[in-house]
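One structure is given here, and the rest of the page talks about it.
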Amino acid sequence: MRWITARRRRPLFGYAAVLLALVAVGMLYAAVTGLGGSTASAGSGSSSSQIAEGKDLFDTSCSSCHGLAAQGSSVAPSLVGAGAAAVDFQVGTGRMPLKEVGAEAAQKPPVFNQRQIYAIAAYVASLGGGPAIPTDQQVSTAGADAGNGQSLFNANCAQCHNYSGAGGALTDGKYAPALTNATNRQIYEAMLTGPEAMPVFNDETLPSADKRDIIAYITQTRSEANPGGFSLGRVGPTTEGLVAWLGGIGALVLAAMWITAKRREERSGEITDNR
Amino acid sequence: MSDNDRDNDRGLEDTPAERQPPHRVIGTPPPAPGILTDPERGDGDDGRKGTTPYGPGEAEAPELAEAPELEELPAENPNPASAKNWERVAATLFIVSALASVGFIAAYVGLEVDGDTKGNVVVATLRSNLALGSAMSLAFLAIGIGMVIWVRNIMPPVELAEERHPMASPEEDRQAFAETIIEGAEASQITKRPLLRRTLIAATLPAALAPLVLLRGLGPLPKGSLRTTVWKKGTRLLVYGTNRPITPAAFDSPGGMITVVPEGYQDNDEALAKATAIIIKMEPGQLQIPTRYNDGADGARTLLNSMNWTVDNIVAYSKICTHLGCPAALYEQTTQRILCPCHQSTFQANTGATVIFGPAPRPLPQLPIATNAQGYLVAQSDFQEPVGPSFWERG
């Protein structure tokens, strides 16, 4: 404390304090909006030996919560009828196996490779149907209408995931994740299976072609340039205003301090101030 | 007349500020040295006393209010070597500013944004804006920084204090003004001719009221239109965006939620602003809609929620939040909650969209649905209460 008191009146102290405050706010912001991520690749196929391999993997890694017959338990839902698409999404994005029980299963690097994921998916699908993993053609955005995708995205997705796919908060600590790292197939699977709190958008109410349009909108928006070079989280006027306010006001405060700062060395010299 | 005027006259004369030297601004405290050195101040009198010595003693007051003696500005900086260096810095900044201004012109001429631009027009506009903005900022900033350096480091260091000039007009001007007003009032005979005075006042009243009538220009009254929507018995539910009717068999995934619009109005934004709804498919057993009636001020009880208004574990609610009318459609299928993204109003969807959190004053209205002969989802009727935010006459 004495160290601070002794130096508080130095001319540079004001600048340092303002700078420190700006850096602190900036770091806080970066911590709040920090983004994690992972990716997974695509593929398809199924056979009977694959189902056997999938059952082995399921028994060792999944059955402690979901039960030996995938019937579910007090802490985990039944996977009968969940379908291959749900497995590919949950395991492929690293959400499953679950690291810890919480409001939201966090995305992390996948534990299994793609072949193992397909094996588990085939096993779960063999238990009782459910949506299949979408084909390459279903998730291709070639020829898709991003304009129609935008209107569907705004009506069905933007309220949780933000109009630019930046994600957002839900109740009790749950959140809608950002769509910045999701692959086309993962986006499709999420709509098809409704992971966690997300509603299901099945192929009857939202046909395959419309899902492709939505994916086209998400990927096209993702690749657009950020004006000024900074995305600021792409959440719109909130962060833009915050940065303009903090940065702009901070710069004005520094400039005002510089312009009006007294010149100490001359004051002690031959010319004194006015009483 | 004269009674009032005499009062004003005396008021002017009696104001303490009036008795003081004309250099003081009315409403500002007297010069600090005057208060401090005034021997009569603070002797328990009414405070006005403190200022009275200036009245008769005109001689001492002007001296106090006079600006301090002007200090001669030194012509030379005490440190010529440092001033020389700073002069170079400032001059460099001015040259930088000039170059930046030239750059601004070059960017404007060089980076054209039109149909011929190769590539994306939006990107070209962004690039042009960036170049123009950077050049202009640099031009102005360099001039400003150069000027401040000039003042701070090249001009001789001296601090000056400038006294505020008196803002009041001279005494004779104010006297003349007051006389003019009084003469005018007498010459107009406004106090002697009450007929003229009263008709003049009467003439201004309608003019003042006229703007109130302009409020009518804000549009027709909504009348009953806030109470009803375009849903009616038999209107099919279309999925918003794809405009396809839905069967319960197609909307069969528990946890499903989709926005629906009334058939025939899918492109009518004015109708959709009130009529847009969401349908939610739940697991068997999850849906527990209570039978709820409104209070019915006139005695008639209207059904507001009913399990009979659902089809096959599918329930329909208005998408318009009852707080401020935002689209409330953040549906969490794990907790069956509907959230409004604007102010976090939270509705429990499986028990009649009752409010469990947030500022919304009432549940989302439930749309009675059924299936028609072809098996499509249709409305049984309109919403049974007004959708959206409250309004005065809603009751």
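Residue numbers (this note's numbering), protein chains in the order written: chain W, 736 to 1010; chain G, 5 to 399. Glycine residues also receive a C-beta, built at the ideal position from the N, C-alpha and C atoms.
From this set, the options, which residue's C-alpha is nearest residue i's C-alpha?
{"i": "Ser809/W", "options": "Ser798/W, Ile984/W, Gly818/W, Met762/W", "result": "Ser798/W"}
{"i": "Leu757/W", "options": "Ala996/W, Gly864/W, Gly985/W, Trp993/W", "result": "Gly985/W"}
{"i": "Glu336/G", "options": "Phe351/G, Arg156/G, Glu274/G, Phe387/G", "result": "Phe351/G"}
{"i": "Pro288/G", "options": "Asn298/G, Asp256/G, Asp299/G", "result": "Asp256/G"}
{"i": "Gln806/W", "options": "Leu763/W, Ile786/W, Ile852/W, Val859/W", "result": "Val859/W"}
{"i": "Asp1032/W", "options": "Met933/W, Glu924/W, Ala890/W, Asn916/W", "result": "No answer is possible for residue 1032/W: the residues shown for chain W start at 736 and end at 1010."}
{"i": "Ile852/W", "options": "His896/W, Ala787/W, Ala881/W, Asn897/W", "result": "Ala787/W"}
{"i": "Arg366/G", "options": "Val315/G, Asn309/G, Asp386/G, Thr339/G", "result": "Asn309/G"}
{"i": "Leu792/W", "options": "Val826/W, Gln894/W, Gly818/W, Val753/W", "result": "Val826/W"}
{"i": "Gly818/W", "options": "Ile868/W, Gly908/W, Trp980/W", "result": "Ile868/W"}
{"i": "Asn891/W", "options": "Ala206/G, Lys227/G, Ala281/G", "result": "Ala281/G"}
{"i": "Thr263/G", "options": "Pro161/G, Ile360/G, Val243/G, Asp316/G", "result": "Val243/G"}
{"i": "Phe824/W", "options": "Asn889/W, Ala841/W, Phe965/W, Ser875/W", "result": "Ala841/W"}
{"i": "Gly884/W", "options": "Met933/W, Ile922/W, Ile994/W, Gly908/W", "result": "Ile922/W"}
{"i": "Thr375/G", "options": "Phe361/G, Arg240/G, Gln388/G", "result": "Arg240/G"}
{"i": "Gly971/W", "options": "Asp880/W, Gly900/W, Glu931/W", "result": "Gly900/W"}
{"i": "Leu136/G", "options": "Glu397/G, Phe144/G, Ala111/G, Leu200/G", "result": "Ala111/G"}
{"i": "Ala128/G", "options": "Gln388/G, Ala139/G, Leu115/G, Asn89/G", "result": "Leu115/G"}
{"i": "Pro812/W", "options": "Ala821/W, Val822/W, His801/W, Ala820/W", "result": "His801/W"}
{"i": "Met311/G", "options": "Val113/G, Ser322/G, Thr295/G", "result": "Thr295/G"}
What do you get for residue i, buried or exposed, if any count of 16 or more other CB atoms within 10 angstroms of its CB means buried?
{"i": "Lys946/W", "result": "buried"}
{"i": "Trp313/G", "result": "buried"}
{"i": "Gly379/G", "result": "exposed"}
{"i": "His169/G", "result": "exposed"}
{"i": "Pro78/G", "result": "exposed"}
{"i": "Pro25/G", "result": "Residue placement at Pro25/G is poorly supported in this model, since its pLDDT is 47, which falls under 50; the coordinates are not used for a value here."}
{"i": "Val217/G", "result": "exposed"}
{"i": "Leu763/W", "result": "exposed"}
{"i": "Val125/G", "result": "exposed"}
{"i": "Asn919/W", "result": "buried"}
{"i": "Ile109/G", "result": "exposed"}
{"i": "Trp235/G", "result": "buried"}
{"i": "Ile994/W", "result": "exposed"}
{"i": "Asp47/G", "result": "Per-residue confidence for Asp47/G stands at a pLDDT of 44, beneath the threshold of 50, marking its modelled position as unreliable; no derived number is given."}
{"i": "Gly789/W", "result": "buried"}
{"i": "Gln193/G", "result": "exposed"}
{"i": "Phe387/G", "result": "buried"}
{"i": "Gly976/W", "result": "exposed"}
{"i": "Thr828/W", "result": "buried"}
{"i": "Val822/W", "result": "buried"}
{"i": "Thr208/G", "result": "exposed"}
{"i": "Val1/G", "result": "Because chain G in this structure spans residues 5 to 399, residue 1/G falls outside the shown range and cannot be described."}
On the DSSP letters alone, give me the boundaries of the beta strand (DSSP E) that residue i sits inside.
{"i": "Ser322/G", "result": "318–322"}
{"i": "Asn81/G", "result": "Note, Asn81/G: premise wrong, no beta strand (DSSP E); not H, not E."}
{"i": "Thr358/G", "result": "358–361"}
{"i": "Asn309/G", "result": "307–309"}
{"i": "Glu336/G", "result": "334–336"}
{"i": "Ile283/G", "result": "281–285"}
{"i": "Phe341/G", "result": "One point to set straight first is that residue 341/G is Arg, not Phe, in the sequence displayed. Looking at the DSSP string, the run of the beta strand (DSSP E) that includes Arg341/G is 341–343."}
How about residue i: is its C-beta nearer than 8 Å to some C-beta of chain B?
{"i": "Ile953/W", "result": "The structure shown contains no chain B; the protein chains it does contain are W and G."}
Mind reading off the beta-carbon distance from residue i to residue j? Whole number of angstroms is fine, and I expect it under 8 Å.
{"i": "Ala974/W", "j": "Gly968/W", "result": "The sequence as given places Thr at residue 974/W; Ala does not occur at that position. Contact flag correct, Cβ pair sits at about 5 Å."}
{"i": "Gln370/G", "j": "Ala320/G", "result": "7 Å"}
{"i": "Val815/W", "j": "Pro832/W", "result": "Going by Cβ atoms, the distance from Val815/W to Pro832/W rounds to 19 Å, so no, they are not a contact pair."}
{"i": "Thr339/G", "j": "Thr906/W", "result": "7 Å"}
{"i": "Ile284/G", "j": "Thr355/G", "result": "With 8 Å as the limit, Ile284/G and Thr355/G do not qualify as a contact, their Cβ atoms being about 12 Å apart."}
{"i": "Asn317/G", "j": "Leu291/G", "result": "5 Å"}
Quick one: what's got a C-beta closer than 6 Å to residue i's C-beta in the same chain, skipping five residues either side?
{"i": "Phe98/G", "result": "Gly150"}
{"i": "Gly865/W", "result": "Gly816, Ala817, Gly818"}
{"i": "Asn298/G", "result": "Thr306, Leu308"}
{"i": "Gly260/G", "result": "Lys285"}
I'd like the list of long-range same chain contacts for residue i, defined as Cβ closer than 7 Å, with 5 residues on each side in sequence excluded.
{"i": "Leu276/G", "result": "Val265, Tyr269"}
{"i": "Val393/G", "result": "According to the sequence shown, residue 393/G is Pro rather than Val. Cβ within range, chain order: Thr326, His327, Leu328, Gly329."}
{"i": "Ala932/W", "result": "Leu905, Lys909"}
{"i": "Pro390/G", "result": "Leu230, Arg231, Arg398"}
Which first and last residues belong to the alpha helix (DSSP H) in which residue i is found?
{"i": "Glu183/G", "result": "175–192"}
{"i": "Ile373/G", "result": "Element bounds for Ile373/G: not the alpha helix (DSSP H) but the beta strand (DSSP E), 373–375."}
{"i": "Ala139/G", "result": "125–153"}
{"i": "Gln921/W", "result": "919–928"}
{"i": "Val826/W", "result": "819–827"}
{"i": "Ile855/W", "result": "849–861"}
{"i": "Pro934/W", "result": "It is not in any alpha helix (DSSP H) - Pro934/W carries neither H nor E in the DSSP assignment."}
{"i": "Phe255/G", "result": "Looking at the DSSP string, Phe255/G is not in any alpha helix (DSSP H), and its letter there is neither H nor E."}
Short of 8 Å in beta carbon distance, which residues of its chain neighbour residue i, apart from the five on each side in sequence? Order them along the chain.
{"i": "Pro160/G", "result": "Leu77, Pro78, Ala79, Glu80, Asn81, Pro82"}
{"i": "Asp794/W", "result": "Leu803"}
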